[in-house]
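Let me begin by presenting the structure, written as structure tokens, before commenting on it.
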Amino acid sequence: MVNLLRKNWEEKKNTVAPEKERSRRHMLKERTRREKQKQSYLALHSLLPFATKIQCLKRFIILNQWEQN
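Each residue of the sequence shown is one higher than the one before, starting from 45 at the first, in this note's numbering.
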């Protein structure tokens, strides 16, 4: 009986460790994925021309006035 209980305990103990390791690996991979995504967005943002919202709004107003005339 004692051997049976020990066997069950060891099986549970062995299954918990891989699950923890799996979740830790997943967390690290997710962190790496988010960092790569952030770098891609920063690279894309660096290609865009700098313009404030006010500059964009002025350009929009001027184009609308020009189209109306």
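Where is the CB? At the ideal position from N, CA and C, for every residue including glycine.
- Per DSSP, Asn113 is not a residue of any alpha helix (DSSP H), being assigned neither H nor E.
- In the three-state DSSP reduction, Thr96 falls in the coil class, being neither helix nor strand.
- Beyond the five residues adjoining it in sequence on each side, Gln83 comes within less than 6 Å, by CB distance, of no other residue in the same chain.
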